[in-house]
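Chains as they are written, first to last, in full-length UniProt numbering: chain A, 1 to 417; chain B, 1 to 337.
Built from N, CA and C at the ideal position, the CB exists for glycine as well.
Just so it is clear, the structure is predicted and the values come from calculations on it, not from any experiment.
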Ligand code: SF4
Ligand code: SF4
Ligand code: SF4
């Protein structure tokens with residue numbers, strides 16, 4: 001390892017040395033330079049000029065969006081999808097810190113970090129999606145409480161800070177800053193509750209965004225329960241993403257998780273998925289009716305694929321004990337759910353409004369630049385996660401090792417102002 | 001966790017208290033909810049398609065009059081009104097040929113044609129003109145969805161206007177408007193949303209809307225919304241063929257043109273659509289055929305999202321109270337504290 005004190009001075013250098021010390025993850029055997037990483041770095045670098053071009057020449061120059069299609073891939077995939085993919089964090093954090101389900105503690109850090117990158121991805125994309133990126137902070141100071149978008153903006157910022165707080169013990173442990181660590185541990189449960197409330201709200205707000213377009217969104221997706229559908233499907237997605245990434249990390253890193261953690265997550269998918277299925281069916285049957293699905297149109301096809309591949313099949317699979325015994329099969333089911341929920345978000349944001357937009361004379365297929373940026377953002381999230389796994393105590397061997405009992409309660413609580 | 005339970009509860013209570021407090025600003029702001037009542041001095045336009053001859057004088061005047069400081073199309077540094085060449089080969093930008101509403105066009109006259117297009121204002125084998133622009137909803141979706149408060153409704157005359165300095169360019173207004181009115185300046189690096197603002201700058205000077213001022217036939221007239229509704233109902237109540245003095249430029253104007261009443265269909269557009277609009281339309285051809293969708297909600301749209309937003313403080317309260325209770329229960333058996 002390079003000694004950073006040579007370049008950055010004594011104080012900074014020691015800090016950098018501590019941060020760059022990867023002995024912590026030696027047992028995981030993470031190699032930084034692999035073909036996959038190289039490809040990811042390449043994809044990430046590709047998206048940098050795209051972002052620059054977008055900022056310099058405007059949203060119209062970089063994307064294929066138009067007046068009939070004001071929202072496209074970046075909102076549909078990066079924002080709606082990215083946020084849904086990050087739902088696991090608040091669920092696991094809530095389970096560990098509030099419900100006191102200790103067995104999930106070993107995956108809590110990874111789930112929270114994963115969410116942090118999911119939200120970062122969404123935040124960067126929405127910043128580039130809005131036409132006046134440099135004033136994207138306006139909603140935070142120009143409150144407009146009627147707007148769901150305002151709620152989303154506020155919550156995105158608050159929740160990113162909450163996730164950063166929840167992740168900070170990893171960094172603080174690493175650099176060994178006891179005081180800071182104690183402070184974070186003191187507010188941890190409060191932060192987790194805050195995170196739970198925020199997540200419940202903005203997962204549903206993303207659906208609530210569409211409440212105002214009864215005339216534009218196809219009735220296959222539009223109904224008054226849309227916010228709650230987004231929430232339930234986000235829960236389903238959360239379980240699957242956590243399970244997916246746990247199995248994945250245990251495959252690529254030398255790291256193992258107890259099987260009953262995975263089974264617990266699978267049951268989570270099973271219950272939320274079953275509920276989601278009946279919820280969707282109820283709204284369909286009491287709303288537009290089954291006929292609309294089989295009406296031989298694009299929307300109907302999309303709805304069928306979304307439900308069959310993304311909900312019914314994985315729920316059916318996970319209901320079988322034989323699948324729940326097999327890590328690989330659970331992995332496959334997770335992928336189906338993740339695909340299904342992402343597909344649902346694209347259906348709501350793109351295919352569900354296609355009929356209206358086309359009638360209004362619009363046509364939309366994402367531009368090369370839109371794809372490049374979205375792919376770059378995914379690469380960014382994967383790389384970030386990998387780097388953190390290498391340099392931070394992401395999978396603690398034994399819980400709370402850096403935190404001897406008694407130190408936290410020794411610090412005096414600060415009186416509330 | 002090594003925090004004692006008492007201390008923990010204190011922390012939760014204080015952070016929770018702070019949060020609920022931060023949610024409290026929502027309560028007084030609840031009155032900021034978009035109104036569903038027509039402003040007392042509300043003004044608007046009545047467009048009677050059966051009078052329109054498709055001369056597009058309103059489009060010309062709209063563009064000219066809104067390209068001056070204060071107008072909805074004004075941008076400093078533009079030497080002349082933003083003309084569109086409409087993809088016409090020889091049009092080198094000196095005449096205006098918009099095809100749709102756009103970031104450069106707030107008002108457009110289009111033609112409906114069917115079959116042999118012989119008779120005006122007839123759906124089959126007929127033709128008709130129609131006008132597209134912002135309808136100035138009584139309870140505008142665009143105002144309610146804007147996260148930065150860039151769209152506003154004038155409390156006196158009800159014109160829905162736009163403050164570019166606040167806009168972040170999220171285009172939620174475009175998605176939300178049931179009539180697809182707001183347009184974006186896609187070709188700009190620092191774009192604005194563009195739509196008719198009911199010539200608010202002219203109204204401030206005591207003038208009437210530019211399109212109504214330019215209309216030679218009285219197809220577009222300006223006036224108080226209540227008067228416009230009366231006028232529209234009066235026309236509808238008459239028998240087709242009856243002679244009627246149609247006012248020019250504004251409702252109740254002394255200058256009129258005597259013409260027979262046409263056959264109106266479909267009622268008055270704008271009485272109930274999206275909870276009512278300040279601009280009204282009459283037509284001889286069903287509005288559906290003119291591109292005004294049938295599935296426009298017949299109530300104010302902002303209430304749909306408000307029903308959701310009003311629940312937010314309760315979610316915070318519920319999570320903190322419920323979460324604390326659950327925390328106490330689940331941590332009962334832990335030795336700490
Ligand atoms: S027509 Fe559309 S842009 Fe005009 S006020 Fe209504 S919602 Fe807003
Ligand atoms: S694009 Fe501008 S005006 Fe429209 S909703 Fe977004 S911030 Fe408001
Ligand atoms: S009211 Fe003014 S801005 Fe609106 S269409 Fe008429 S002339 Fe144009």
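Would residue i be called buried (16 or more neighbouring beta carbons within 10 Å of its own) or exposed?
i: residue 409/A; result: With a pLDDT of 37 at residue 409/A, under the threshold of 50, the predicted position of this residue should be treated as unreliable, though the coordinate-derived value follows. It is buried - the Cβ of residue 409/A has at least 16 other Cβ atoms within 10 Å.
i: residue 322/A; result: exposed
i: residue 182/B; result: buried
i: residue 311/A; result: buried
i: residue 31/B; result: Low confidence applies here, because residue 31/B scores a pLDDT of 47, under 50, leaving its location unreliable; read the following figure in that light. Exposed: under 16 other Cβ atoms inside 10 Å.
i: residue 12/A; result: exposed
i: residue 251/B; result: buried
i: residue 125/B; result: exposed
i: residue 23/A; result: exposed
i: residue 223/B; result: buried
i: residue 330/A; result: buried
i: residue 95/B; result: exposed
i: residue 266/A; result: buried
i: residue 78/B; result: exposed
i: residue 255/B; result: exposed
Spell out whether any CB of chain B is found under 8 Å from the CB atom of residue i.
i: residue 132/A; result: yes
i: residue 25/A; result: no
i: residue 66/A; result: yes
i: residue 392/A; result: no
i: residue 351/A; result: no
i: residue 344/A; result: no
i: residue 85/A; result: no
i: residue 147/A; result: yes
i: residue 211/A; result: yes
i: residue 197/A; result: yes
Tell whether a beta-carbon distance below 8 Å holds between residue i and residue j.
i: residue 154/B; j: residue 161/B; result: yes
i: residue 415/B; j: residue 194/B; result: There is simply no residue 415/B to check, as chain B begins at 1 and stops at 337 in what is shown.
i: residue 170/B; j: residue 147/B; result: yes
i: residue 44/B; j: residue 136/B; result: yes
i: residue 350/A; j: residue 72/A; result: yes
i: residue 184/A; j: residue 172/A; result: yes
i: residue 305/B; j: residue 208/A; result: yes
i: residue 62/A; j: residue 89/A; result: no
i: residue 284/B; j: residue 49/B; result: yes
i: residue 163/A; j: residue 140/A; result: no
i: residue 73/B; j: residue 51/B; result: no
i: residue 167/B; j: residue 185/B; result: no
i: residue 34/B; j: residue 240/B; result: no
i: residue 58/A; j: residue 189/B; result: yes
i: residue 389/A; j: residue 167/A; result: no
For chain A, is any of its Cβ atoms less than 8 Å away from the one on residue i?
i: residue 29/B; result: Only weak support is given to the placement of residue 29/B: the predicted model assigns it a pLDDT of 46, under 50, and the question is left unresolved by the model.
i: residue 148/B; result: yes
i: residue 95/B; result: no
i: residue 304/B; result: yes
i: residue 36/B; result: no
i: residue 326/B; result: yes
i: residue 102/B; result: yes
i: residue 129/B; result: no
i: residue 301/B; result: yes
i: residue 72/B; result: no
i: residue 26/B; result: Because the pLDDT of residue 26/B is 47, which lies under 50, any placement of that residue in the model is unreliable, and the number read from its coordinates should be weighed accordingly. By this cut-off, residue 26/B is an interface position.
i: residue 297/B; result: yes
i: residue 1/B; result: At residue 1/B the pLDDT is 41, less than 50, meaning the model places this residue with poor confidence; the figure from the coordinates comes in the next sentence. Chain A contact via Cβ: present.
i: residue 285/B; result: no
i: residue 21/B; result: Note that residue 21/B scores 46 on pLDDT, short of 50, meaning its location in the model is unreliable; the coordinates nonetheless yield the value given after this. Taking Cβ atoms only, chain A never reaches closer than 8 Å to residue 21/B, which makes this a no.
i: residue 170/B; result: yes
i: residue 248/B; result: no
* Closer than 7 Å to ligand 1: residues, by C-beta to nearest heavy atom, in chain order -> Residues close to ligand 1 by the beta carbon criterion (under 7 Å to any non-hydrogen atom) are, from first to last along the chain, 134/B, 135/B, 136/B, 137/B, 140/B, 141/B, 142/B, 143/B, 151/B, 160/B, 173/B, 176/B, 177/B, 178/B, 179/B, 181/B, 182/B, 195/B, 274/B, 277/B.
* Asked: So, do the stretch 210-217 of chain B and the stretch 52-72 of chain B have three or more beta carbon pairs nearer to each other than 8 Å?
  -> With the cut-off at 8 Å, the stretch 210-217 of chain B and the stretch 52-72 of chain B touch.
* To do: Examine the Cβ distances between the stretch 367-387 of chain A and the stretch 311-331 of chain A and report whether three or more of them are shorter than 8 Å.
  => Contact check between the stretch 367-387 of chain A and the stretch 311-331 of chain A: fewer than three CB pairs, one atom from each, fall below 8 Å, which does not count as touching.
* To do: State whether the stretch 206-221 of chain A contacts the stretch 186-194 of chain A, with contact taken as three or more CB pairs (one from each stretch) at a distance under 8 Å.
  => Fewer than three beta-carbon pairs drawn from the stretch 206-221 of chain A and the stretch 186-194 of chain A are found closer than 8 Å, and the two stretches are therefore not classed as touching.
* Asked: Counting pairs of Cβ atoms below 8 Å between the stretch 335-348 of chain A and the stretch 30-38 of chain A, do you hit three or more?
  -> No: fewer than three Cβ pairs fall under 8 Å.
* Stretch pair the stretch 264-283 of chain A + the stretch 307-317 of chain A: three plus CB contacts closer than 8 Å -> Cβ pair count under 8 Å is three or more, so yes.
* the stretch 247-254 of chain A touching the stretch 323-333 of chain B, judged by at least three CB pairs closer than 8 Å -> At 8 Å Cβ cutoff, the stretches do not touch.
* Asked: On the three-pair Cβ rule with 8 Å, is the stretch 279-296 of chain B touching the stretch 264-271 of chain B?
  -> Proximity of the stretch 279-296 of chain B to the stretch 264-271 of chain B meets the contact definition, three or more beta-carbon pairs being nearer than 8 Å.
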